[in-house]
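Just below is one structure, and these are the notes that go with it.
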Amino acid sequence: MRFEDNQVFKVKAVADLLNISKATIYRAIESGKLDALKLGTGKGTLRIEGSALNIYLEQCGQAAYEAFVTGTESAAADDRDETAGEVA
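Below, the structure written as structure tokens:
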């Protein structure tokens, strides 16, 4: 999956596109793994650029490769409940 670099997405749209929870997206942003733009004052609103999503997905793919291909983790363990096993 590849996103248009200059397109901007809402957190909910990204979560829907990746079939994960909004909480997973927020955790990725808070941990610094996913860059986001804060627009407005106060609480504001977050938007995610396509270029940031492409970088994030590449990093997730690399982490999965290291864990499941070169590491000792099993991809079959991914059958657990979606919300309990999400990793950002």
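Using UniProt numbering, you'd call the opening residue of the sequence shown number 1 and step up by one each time. Idealized CB from N, CA, C, for every residue including glycine. Note that this is a predicted model, so its numbers are computed, not measured.
Whole-angstrom distance between ALA67 and GLU73, CA atom to CA atom: Locating residue 73 in the sequence shown gives position 73, counting from the first residue. Locating residue 67 in the sequence shown gives position 67, counting from the first residue. Going by the C-alpha atoms only, they are around 6 Å apart.
For LEU37, three-class secondary structure by DSSP: As a first step, residue 37 is located in the sequence shown; it is residue number 37 there, counting from the start. Strand, per DSSP.
Whole-number beta carbon distance between LEU34 and TYR56, since they are thought to touch under 8 Å: What you label residue 56 is simply residue 56 of the sequence shown in a count that begins at 1. What you label residue 34 is simply residue 34 of the sequence shown in a count that begins at 1. 5 Å between Cβ atoms; contact.
Inside the segment 1-75 only - beta strand (DSSP E) runs reaching at least 3 residues: 8-10, 37-39, 45-49
Beta-carbon proximity check, ASN6 vs GLY50, cutoff 9 Å: The residue you call residue 6 lines up with position 6 of the sequence shown. The residue you call residue 50 lines up with position 50 of the sequence shown. Taking 9 Å as the Cβ cut-off, ASN6 and GLY50 qualify as a contacting pair.
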